[in-house]
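> Below is one structure. I have some questions about it.
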Amino acid sequence: MLQPRKSYARLSKYRPPLEGRGGKLRLDFNENTVGCAPQVVRALRRAMTRDGLSCYPEYAEGRVKLARYFGVKPQELVLTNGTDDAVKVICETFVEPGDALLVPAPTFPVYQFFHEVAGGRTERVYYDERFRLPLDHVLRALGKGIRWAAFASPNNPTGTVIPKRDLRTMLESAPQTAFVVDEAYHDFSGETVLPWIRKYPNLIVTRTFSKAFGLAALRLGCILTNAQTADDLRRGQNPFPVNSLALVGALAAIEHTDYARRYAAEVRANRAKLIAWFEAQKIPYVPSKANFVLTELGANAPEIGRRLRAQGILVRDWNYDPRLRGFLRFTVGSTAQTGRLMRELRRLRGLIESRDGRKNWSKFARFSSTGWVS
Ligand SMILES: Cc1ncc(COP(=O)(O)O)c(C=O)c1O
Numbered sequence: 007m008l009q010p011r012k013s014y015a016r017l018s019k020y021r022p023p024l025e026g027r028g029g030k031l032r033l034d035f036n037e038n039t040v041g042c043a044p045q046v047v048r049a050l051r052r053a054m055t056r057d058g059l060s061c062y063p064e065y066a067e068g069r070v071k072l073a074r075y076f077g078v079k080p081q082e083l084v085l086t087n088g089t090d091d092a093v094k095v096i097c098e099t100f101v102e103p104g105d106a107l108l109v110p111a112p113t114f115p116v117y118q119f120f121h122e123v124a125g126g127r128t129e130r131v132y133y134d135e136r137f138r139l140p141l142d143h144v145l146r147a148l149g150k151g152i153r154w155a156a157f158a159s160p161n162n163p164t165g166t167v168i169p170k171r172d173l174r175t176m177l178e179s180a181p182q183t184a185f186v187v188d189e190a191y192h193d194f195s196g197e198t199v200l201p202w203i204r205k206y207p208n209l210i211v212t213r214t215f216s217k218a219f220g221l222a223a224l225r226l227g228c229i230l231t232n233a234q235t236a237d238d239l240r241r242g243q244n245p246f247p248v249n250s251l252a253l254v255g256a257l258a259a260i261e262h263t264d265y266a267r268r269y270a271a272e273v274r275a276n277r278a279k280l281i282a283w284f285e286a287q288k289i290p291y292v293p294s295k296a297n298f299v300l301t302e303l304g305a306n307a308p309e310i311g312r313r314l315r316a317q318g319i320l321v322r323d324w325n326y327d328p329r330l331r332g333f334l335r336f337t338v339g340s341t342a343q344t345g346r347l348m349r350e351l352r353r354l355r356g357l358i359e360s361r362d363g364r365k366n367w368s369k370f371a372r373f374s375s376t377g378w379v380s
């Protein structure tokens, strides 16, 4: 029997996202819940010609336009098949077996996954009970020799952002460590460190078209970093890293940014409504800057998730992880969708435990990273 690389024996179990989500209200994977701008669909239809599909992708013009959109030079941009692929490319470029990755816990599991595929080991720093990442713990860990560190800001599943001051301290304290700041949810937080790629040669920022732009199916992400690092990242990449249609969709999306901007504004308003309700009901939640809110609903959380599903509403249940029993994460969508979710939650109110404010978060703070599902 053929044996895969040694690192494969230690990999966490793959948990693919659920199937059969079509037609349901999908509040489980932090996608855009209303769909992309209609102009994007029209541009894709126009691009779907027999001639166009028979031709290998060309990137030069698209890269120039995307770079202009992000306010960087084309040499500072790397196209990837979504952020997942960006993480893979980063690992392929930097990680030798035995190298250390530093991640907060909890966070998006894909960083650890591809790092471990490459044979690396993972160090974690835990969020404290007030959902802050203790800077002194991070600095201590960095002092031990970390090859790269990954911070989603806003972070998934907490929705919290890394304070810029802290990030600056980290970048300056470990110039040999590559810092990846994953800004997948940037459109919902309004915060970015993208201009810093000119200042810090150890900073790599990632963006995606999967969230506010509503193009998760197309798989388009961008790595933004200094030209030298971008060049290194591109060197080991697939020669055709993204397909033509993904690029067509992304370019149409940045021509119609008003659409995504309006959607993000609507999500922010609905997030405030949802949080106000949790607050009024004394249901613990993490104050979020993203398009989702993590809550602790108590022992009945799985049952609540099941009942919502029976009503056609999918939410993300964290109960497969013993340290996150009782937690559900809700993606925030349009006003009508959030209204529908809140009506169902009110109906299920008897199943939800109340706690006083944010006290009961010690369990959450002990969380350590779990499987693959995001
Ligand atoms: C923090 C974070 N980054 C990236 C992604 C995925 O992005 P993409 O679809 O571009 O691979 C997710 C998806 O849930 C996420 O939570």
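Under the working numbering, the letters of the sequence shown match residues 7 to 380, in that order. Glycine included, each C-beta is placed from N, C-alpha and C at the ideal position. These numbers were taken from a predicted model, which means no experiment stands behind them.
Would you kindly work out how many angstroms separate the C-alpha atoms of Asp323 and Phe333, rounded to a whole number?
Sequence index remark: in the sequence shown, residue 323 carries index 317 (1-based). Sequence index remark: in the sequence shown, residue 333 carries index 327 (1-based). For Asp323 and Phe333, the distance between alpha carbons rounds to 6 Å.
> If you compare alpha carbons, which of Gly29, Leu8, Asn36, Arg11 is closest to Arg277?
On the sequence shown, position 271 is the one that residue 277 refers to. It is Asn36.
> Taking just the CA atoms, how far does Ala43 sit from Lys150?
As a working mapping, residue 150 is identified with position 144 in the sequence shown. As a working mapping, residue 43 is identified with position 37 in the sequence shown. Each residue's Cα considered, the two are about 46 Å apart.
> Just tell me which of Phe194, Asn325, Thr231, Leu209 has its CA closest to the CA of Ala275.
As a first step, residue 275 must be located in the sequence shown, where it is residue number 269. Selected option, being the one with the closest Cα: Phe194.
> Is Phe76 near ligand 1 - that is, is its Cβ less than 7 Å away from at least one heavy atom of it?
Stepping through the sequence shown from its first residue, residue 76 is reached at position 70. Incorrect: Phe76 has no Cβ contact closer than 7 Å to ligand 1.
> What does Ile229 pair with, by DSSP beta-bridge criteria?
By one-based count along the sequence shown, residue 229 stands at place 223. DSSP output for Ile229 lists Val84, Thr212 as bridge partner(s).
> Helix, strand or coil, according to DSSP, for Val109 in the structure here?
On the sequence shown, position 103 is the one that residue 109 refers to. Note: Val109 maps to strand in three-state DSSP.
> Quick one: any contact between the segment 127-135 and the segment 280-289, if contact means 3 or more CB pairs under 8 Å?
no
> Quick one: is the Cβ of Gly227 within less than 7 Å of any heavy atom of ligand 1?
For the purposes of this step, residue 227 is taken as residue 221 along the sequence shown, with counting starting at 1. Under cutoff, so the answer is yes.
> If you check the beta carbons only, do Glu189 and Arg213 fall under 8 Å apart?
As a working mapping, residue 189 is identified with position 183 in the sequence shown. As a working mapping, residue 213 is identified with position 207 in the sequence shown. Yes, they are a contact pair.
> In angstroms, rounded to a whole number, what distance separates the CA positions of Phe341 and Arg11?
Your numbering for residue 341 matches position 335 in the sequence shown. Your numbering for residue 11 matches position 5 in the sequence shown. Contrary to the premise, residue 341 reads as Thr rather than Phe in this sequence. C-alpha separation (whole angstroms): 48 Å.
> With H, G and I counted as helix, E and B as strand and the rest as coil, what does DSSP make of Lys365?
In the sequence shown, the residue the question calls residue 365 occupies position 359. Model confidence at Lys365 stands at a pLDDT of 45, short of 50, so the residue's coordinates are unreliable; what they give is reported in the following sentence. DSSP places Lys365 in coil when its eight states are reduced to three.
> Go ahead and pull the three-state DSSP assignment for Trp154.
As a position in the sequence shown, residue 154 is number 148, starting the count at 1. Trp154: strand per DSSP, three-state reduction.
> Could you check what DSSP says for Ser380 in three-state terms: helix, strand or coil?
For the purposes of this step, residue 380 is taken as residue 374 along the sequence shown, with counting starting at 1. In this prediction, Ser380 scores a pLDDT of 43, lower than 50, which makes its location untrustworthy; no coordinate-derived value is stated.
> Closest to Gly255 by CA distance: which of Ala49, Leu8, Glu25, Ser18 is it?
The residue you call residue 255 lines up with position 249 of the sequence shown. Nearest C-alpha to Gly255: Ala49.
> Taking 7 Å as the cut-off, is the C-beta of Gly88 nearer than that to any heavy atom in ligand 1?
Mapped onto the sequence shown, residue 88 falls at position 82. Yes, Cβ of Gly88 sits closer than 7 Å to a heavy atom of ligand 1.
> Identify every residue that forms a DSSP beta bridge with Arg322.
For the purposes of this step, residue 322 is identified with residue 316 of the sequence shown, where counting begins at 1. The beta-bridge partner set that DSSP reports for Arg322 consists of Arg335.
> Using a Cβ-Cβ cutoff of less than 7 Å, which residues in the same chain neighbour Tyr191 once the five nearest sequence positions on both sides are dropped?
On the sequence shown, residue 191 is found 185 positions in, with the first residue counted as 1. Taken in chain order, the residues that qualify are Pro160, Lys217, Ala296, Asn297.
> When you compare only the Cα positions, how much space is there between Val338 and Ala305?
Position 332 of the sequence shown, counting from 1, holds the residue named residue 338. Position 299 of the sequence shown, counting from 1, holds the residue named residue 305. About 23 Å.
> Just list the beta strand (DSSP E) runs in the segment 127-185, keeping only unbroken ones of 3 residues or longer that don't cross its boundaries, in chain order.
127-132, 154-158
> Start and end of the beta strand (DSSP E) containing Arg32?
Indexing the sequence shown from 1 puts residue 32 at position 26. 31-33 is the span of the beta strand (DSSP E), which, as asked, contains Arg32.
> Under the assumption that Leu108 contacts Leu148 (Cβ atoms under 8 Å), give the Cβ distance between them as a whole number of angstroms.
If you number the sequence shown from 1, residue 108 lands on position 102. If you number the sequence shown from 1, residue 148 lands on position 142. That pair is a contact at about 7 Å.
> When every heavy atom of ligand 1 is checked, does at least one fall within less than 7 Å of the C-beta of Ser195?
Position 189 of the sequence shown, counted from the first residue, corresponds to residue 195. Taking 7 Å as the cut-off, one finds no heavy atom of ligand 1 near enough to the beta carbon of Ser195.
> Write down the C-beta distance between Arg335 and Leu300 rounded to the nearest angstrom, noting that I regard them as a contact closer than 8 Å.
Taking the sequence shown and counting its residues from 1, the one referred to as residue 335 is at position 329. Taking the sequence shown and counting its residues from 1, the one referred to as residue 300 is at position 294. Yes, Arg335 and Leu300 are in contact; Cβ-Cβ is about 5 Å, under 8 Å.
> What's the gap between the Cα of Ser380 and the Cα of Lys79?
Your numbering for residue 380 matches position 374 in the sequence shown. Your numbering for residue 79 matches position 73 in the sequence shown. Residue placement at Ser380 is poorly supported in this model, since its pLDDT is 43, which falls under 50; the coordinates are not used for a value here.
> Is the CB-CB distance between Leu239 and Ile203 below 8 Å?
To locate residue 239, count along the sequence shown from 1; it is residue 233. To locate residue 203, count along the sequence shown from 1; it is residue 197. Not a contact, by the Cβ cut-off of 8 Å.
> Look up Val116 in the DSSP assignment and say whether it is helix, strand or coil.
One-based indexing of the sequence shown puts residue 116 at position 110. Val116: helix per DSSP, three-state reduction.
> Just mark Leu8 as buried or exposed, buried being the case when its beta carbon has 16 or more other beta carbons within 10 Å.
Walking along the sequence shown from the start, residue 8 turns up at place 2. An exposed status is given to Leu8, since fewer than 16 other beta-carbon atoms sit within 10 Å of its beta-carbon.
> Any contact of the segment 242-253 with the segment 111-119, i.e. 3+ C-beta pairs under 8 Å?
no
> In chain order, what residues of the same chain have a beta carbon less than 6 Å from the beta carbon of Leu253, not counting five sequence neighbours either side?
Against the sequence shown, residue 253 aligns to sequence position 247. Closer than 6 Å at Cβ, skipping near neighbours: Gly68.
> Could you check where the alpha helix (DSSP H) with Ile263 kicks off and where it finishes?
As a position in the sequence shown, residue 263 is number 257, starting the count at 1. In the sequence as displayed, the identity of residue 263 is Thr instead of Ile. Where Thr263 is concerned, the enclosing alpha helix (DSSP H) stretches over 263-286.
> I want to check one thing, is the minimum distance from the CB of Thr166 to the heavy atoms of ligand 1 below 7 Å?
Residue 166 sits at position 160 when you count from the first residue of the sequence shown. Every heavy atom of ligand 1 is 7 Å or more from the Cβ of Thr166, so no.
> Is it buried or exposed for Tyr14, if we count other Cβ within 10 angstroms and need 16 for buried?
In the sequence shown, counting from the first residue as 1, residue 14 sits at position 8. So Tyr14 ends up on the exposed side.
> Which term fits Leu59, buried or exposed, when burial requires 16 or more other beta carbons within 10 angstroms of its beta carbon?
As a first step, residue 59 must be located in the sequence shown, where it is residue number 53. With fewer than 16 Cβ atoms within 10 Å of its Cβ, Leu59 is classed as exposed.
> By the three-class DSSP mapping on this structure, what secondary structure does Gln299 have?
On the sequence shown, position 293 is the one that residue 299 refers to. Sequence check: residue 299 is Val here, not Gln. In the structure shown, Val299 sits in a strand (DSSP, three-state: E or B).
> Which same chain residues, not among the five before or five after Arg16, have their C-beta less than 7 Å away from its C-beta?
Mapped onto the sequence shown, residue 16 falls at position 10. Here the set comprises Glu122.
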